[in-house]
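To keep things clear, I will list the structure first and then write my remarks on it.
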Amino acid sequence: MIKNNWLKRNLKDKYVYYVKKKNLRSRAWFKISEIQKHYKIFKPNMIVVDLGAAPGGWSKYASTKIGKKGYVIAYDIKKINPIKNVICIVENILNINFINKITNYLGYNNVHIVMSDLSPNISGIASIDIPKSINLVKLVIKIIKNILKIGGICIIKIFQGNNYEYYIKYIFNMFKKIKIFKPNSSHSNSKEIYIIAFKFKFKFKN
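Each residue of the sequence shown is one higher than the last, beginning at 0 in numbering that gives the first Met the number 0.
This is the structure:
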């Protein structure tokens, strides 16, 4: 039944239509485009890290905004088809050694933007899906503390449910300002929202 509902919903979805018409990688392109329109986060020469990047919609969009001297590093357990001005790395961010690997590659606190559209495999059962989403958010927070510059920006997807407000407050304590945003391109019945956090305050200490 869940699969049938998904098929019916996508047949009527204008964003699915535009993904095909414009030859985009996914509907996620529209979500990050809306975020940029509202908050103007991407600027030339930035270093951007995209966590859980496949199939590459956010990375490709970011690459069009940061110019030739900026670059995007896209991480995913799945291989991403090449994108101009994007370094695609096949890596499982759930791996216990991932933070060591990414800091060895990028150093500490050198990244302008960390963005995460990570989502667990959705079962359709909130009591299962929301805790999994929260665990991904906790992991992204750990990564942010290690690689984001002072004054940097993060974008994190989180699902509304038990304890999600705690993590919004936790992230707020790490930044000077946060915004909560639900793009029009998100499904209306989806519990996903995005935390856009500005001016990172934390600095990693060796």
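Every residue gets a Cβ at the ideal spot worked out from N, C-alpha and C, and that includes glycine.
Query: Which residues in the same chain have their Cβ closer than 7 Å to the Cβ of Lys11, if we skip the five residues on either side of it in sequence?; Result: At Lys11, the pLDDT of 48 sits below 50, so the modelled position is not reliable; the number obtained from the coordinates is stated separately. The answer is none, since no qualifying residue turns up.
Query: Work out the CA separation of Ile133 and Glu191 for me, nearest whole Å.; Result: 11 Å
Query: So what's Met45 in DSSP terms, helix, strand or just coil?; Result: coil
Query: With Ala52 as the anchor, note down where its alpha helix (DSSP H) starts and where it stops.; Result: From DSSP, Ala52 is part of no alpha helix (DSSP H); its letter is neither H nor E.
Query: Check whether the stretch 79-88 and the stretch 46-65 touch, using three or more Cβ-Cβ pairs below 8 Å as the test.; Result: yes
Query: Tell me the rounded alpha-carbon separation between Ile127 and Asp75.; Result: 22 Å
Query: May I have the straight-line CA-CA distance separating Asn103 from Pro54, to the nearest angstrom?; Result: 25 Å
Query: Do Asn108 and Ile46 count as a contact pair if the criterion is CB distance below 9 Å?; Result: no
Query: Are the CB atoms of Ile152 and Val113 within a distance shorter than 9 Å?; Result: yes
Query: How many Å lie between Pro182 and Ile34 at the Cα?; Result: 7 Å
Query: Which term fits Lys20, buried or exposed, when burial requires 16 or more other beta carbons within 10 angstroms of its beta carbon?; Result: A caution first: Lys20 carries a pLDDT of 47, below 50, which makes its placement in the model too unreliable to give a value.
Query: Are there 16 or more other CB atoms within 10 angstroms of the CB of Ile124, so buried, or fewer, so exposed?; Result: exposed
Query: Opposite Phe158 in the DSSP bridges: which residues?; Result: Glu191
Query: Report the rounded CA-to-CA distance for Asp49 versus Leu135, giving the unit in angstroms.; Result: 14 Å
Query: How far does the alpha helix (DSSP H) with Ile31 in it reach, from first residue to last?; Result: 27-38
Query: Would the beta-carbon of Pro119 fall within 9 Å of that of Lys131?; Result: yes
Query: Return the bridge partner residues of Leu147 from the DSSP annotation.; Result: Val110
Query: Starting from Lys168, trace the alpha helix (DSSP H) in both directions and tell me its first and last residue.; Result: 163-173
Query: Return the residue from the list Trp28, Phe180, Asp116, Phe158 that minimises the CA-CA distance to His37.; Result: Phe180
Query: So, at 7 Å on beta carbons, what are the nonlocal neighbours of Lys30 in its own chain, with the 5 sequence-adjacent residues on each side left out?; Result: Pro182, Ser184, Ser185
Query: Just tell me which of Phe158, Ile140, Asp116, Asn44 has its CA closest to the CA of Phe171.; Result: Ile140
Query: Which residues share a DSSP beta bridge with Lys77?; Result: Per DSSP, none; premise fails for Lys77.
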